[in-house]
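Participant: First the structure, then my questions, so here it is.
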Amino acid sequence: MRVLYPEVNEKKVSNLLTLKGKDIVVVGLQPWYYHVGSNCKDIASRLAEHNRVLYVNKPLNRKTWVSKTKDEGVQLHYDLVKESGNKVEKIKKNMWQFFPASVIESINWLPSTSVFKKINYVNNKRFAKDIESAIKELGFKDIILFNDNDIFNGYYLKELLSPSLYVYYCRDYLRGYDYWKKHCDTLEPELIEKADVVVTNSEYYANYCSSYNASSYYIGQGCNTRLFNADTAYEMPVDLKNIPYPIIGYTGVLDIERLDEEIIAAIALQYSNANIVLVGPEEENFLKSKLHNYSNIHFLGRKKLQELPAYVNAFDVCINPQVKNEITKGNYPLKIDEYLSMGKAVVATRTEAMRMFEPFTYLSDSPAEFADLIEKALTEDNDKLRTERIVFAGSHTWEKSVEKLSAIINKYLS
């Protein structure tokens, strides 16, 4: 597929690769207090090396506010703002997280998108007012607003906050999800169109966004190779010690809209002498999966990001058994870089976004082929292949991605 978005001329912008002395406000789908990694958190952390960054946690909605059961992070947000209102908390030098106090209405159930937009404007006004209080408290001026894929909460923020530059970061095809698609089919194209700049983590998304905004750029994807490091001596996680080898492992959210349970079932049946280990939180739609009935499939639950390398290190083969749909087609699979950075053999579903990984992974087109490729991955693995995987993953750094982002922002601010 021909990439239609404009390229950044690296020779011309070599002196612009570092963004310095700016005040940046980051909004997005994932709060800072969630103990899982995210592109946005990595980007924000690196931007804070030379700029001041306010990382805004998403506002609590009415449904969450009145719920009697809240997860740990949300409970923290709830307790803080209930006690003292808006809360700014320092993360590190030049970087703060913000807990907005306003409660937004839960309106995604509305059948009419036009009605949704009107009430969403009220929600955005509440959110923007909170953000303005944090901006004032920190003394931020001429802010750059970076929106990490938050279509609803970020829809009117350009108009309400009047940033010097509004950057929309597209890293997921939210229109493919049941929750989002009702209103996203209208709102995301409109949001992309009105953004000053759009950046993406996959070429597929850059092409998608360029149909609505010519100022759409692919900035690549980073991987924390210092954390996922094959040279580190890892202790065996306690909950793996009693699981016999060989271990076929997956790390990440368990979600029926993303993972193909037929592939995982086929692996469990074909390799009855092996154990499949799934590390990550389960979405509600996965809790009722038939995979819970297999004795050689183990669900180890959510782990902190810092714990994941020890699990990956213990796997004989790493897998990413994605279902093929609009969501996964162009989605950059960060976990593949993390697996490869550890030198691991990887078997994955063949998607548009996986094409660049083909020389270093085993790509499958069916559940049966996926199971067969695991055997190939086990038997072919050697030191030469492990080294090649590590070198390839090492070329995908957050430093390079943020350099591209910085060059683009500098270009549009000049």
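Residue numbers for the sequence shown follow our numbering, beginning at 168 and rising by one.
A virtual CB, placed ideally from N, CA and C, is assigned to each residue, including glycine.
Here the structure is a predicted model, which is why all the values come from computation and not from measurement.
#1: Using 8 Å as the Cβ pair cut-off and three pairs as the minimum, do the stretch 298-310 and the stretch 242-255 touch?
#2: Spatial neighbours of Arg469 within its chain, please: CB distance less than 8 Å, with the 5 preceding and 5 following residues excluded, ordered by chain position.
#3: To the nearest angstrom, report how far apart Gly321 and Ser462 are at their CA atoms.
#4: In chain order, what residues of the same chain lie with their CB nearer than 8 Å to the CB of Lys179, ignoring the 5 residues before and after it?
#5: Would a C-beta distance cut-off of 8 Å place Phe537 and Arg556 closer than the cut-off?
#6: Would you call the stretch 404-422 and the stretch 480-488 in contact, with 3 or more CB pairs under 8 Å?
#7: Pull up the CB-CB distance for Ile323 and Asn291, whole angstroms please, since I reckon it's below 8 Å.
#8: Would Ser533 pass as a contact of Leu540 if the rule is Cβ separation under 8 Å?
#9: Where does Ile258 fall in DSSP's three states?
#10: Pairs of beta-carbons, one from the stretch 189-202 and one from the stretch 543-555, closer than 8 Å: are there three or more?
#11: How about Tyr506 and Val479: do their beta carbons lie closer than 8 Å?
#12: Excluding the 5 residues flanking Leu436 on each side, which residues of the same chain have their C-beta closer than 6 Å to its C-beta?
#13: With respect to 7 Å, is the separation between the Cβ of Lys349 and the closest non-hydrogen atom of the ligand COA below this value?
#14: Nearest to Lys208 by alpha carbon, out of Lys187, Val233, Gln264, Lys230?
#15: Would you check if the stretch 381-396 and the stretch 563-572 touch, i.e. whether three or more CB-CB distances between them fall below 8 Å?
#16: Can you say whether Pro278 is buried or exposed, counting buried as having 16 or more other CB atoms within 10 angstroms of its CB?
#17: Look up Leu171 in the DSSP assignment and say whether it is helix, strand or coil.
#18: Entirely within the stretch 332-387 and at least 4 residues each: give me those alpha helix (DSSP H) ranges in chain order.
#19: Could you check whether the stretch 491-506 touches the stretch 516-525, counting it as contact only if at least three pairs of C-beta atoms, one from each stretch, sit closer than 8 Å?
#20: Out of Lys225, Ile503, Leu572, Ala535, point me to the one whose CA is closest to Phe559's CA.
#21: Can you tell me which of Arg338, Met509, Asn549, Asn396 puts its alpha carbon nearest to the alpha carbon of Ile359?
#22: For Val444 versus Leu467, is the C-beta spacing smaller than 8 Å?
#23: Sort Glu355, Asn314, Asn228 by Cα distance to Tyr375 and report the nearest one.
Facilitator: The short version:
#1: They touch, by the three-pair rule.
#2: For Arg469, where only same-chain residues beyond five positions count, the Cβ hits under 8 Å are His202, Val203, Gly447, Pro448.
#3: Each residue's Cα considered, the two are about 44 Å apart.
#4: Summary for Lys179: the model assigns pLDDT 45, below 50, so the residue's position carries little reliability; its value from the coordinates is reported in the next sentence. The beta carbon of Lys179 sits closer than 8 Å to none of the beta carbons in its chain outside the five residues before and after it.
#5: Using a Cβ distance threshold of 8 Å, Phe537 and Arg556 do not count as a contacting pair.
#6: Enough Cβ pairs lie closer than 8 Å, so yes.
#7: A small correction: the amino acid at residue 323 is Tyr; Ile does not occupy that position in the sequence shown. At roughly 4 Å, the Cβ-Cβ gap stays under 8 Å, so Tyr323 and Asn291 are in contact.
#8: Not closer than 8 Å, so no.
#9: Reduced to three states, the DSSP call for Ile258 is strand.
#10: Judged by Cβ distances under 8 Å, the stretch 189-202 makes no contact with the stretch 543-555, as fewer than three pairs qualify.
#11: Yes, the pair counts as a contact, with Cβ atoms nearer than the cut-off.
#12: The answer is none, since no qualifying residue turns up.
#13: Looking for the ligand COA in the displayed structure turns up nothing, as the structure carries no ligands at all.
#14: When only C-alpha atoms are compared, the closest one is Gln264.
#15: In short, these stretches touch, since the Cβ pair count reaches three.
#16: If you draw a 10 Å sphere on the C-beta of Pro278, you find fewer than 16 other C-beta atoms in it, and that means exposed.
#17: A caution first: Leu171 carries a pLDDT of 41, below 50, which makes its placement in the model unreliable, though a value can still be read off. Looking at Leu171 - three-state DSSP - the assignment turns out to be coil, as it is neither helix nor strand.
#18: Listed in chain order, they are 345-361, 370-377.
#19: Using a C-beta cut-off of 8 Å, the stretch 491-506 makes contact with the stretch 516-525, since at least three inter-stretch Cβ pairs fall below that distance.
#20: Comparing Cα-Cα distances from Phe559 to each of Lys225, Ile503, Leu572, Ala535, the minimum goes to Ile503.
#21: Of Arg338, Met509, Asn549, Asn396, the smallest CA-CA separation from Ile359 is found for Arg338.
#22: If you check the CB distance, Val444 and Leu467 come in under 8 Å.
#23: Ranked by Cα distance from Tyr375, the first of Glu355, Asn314, Asn228 is Glu355.
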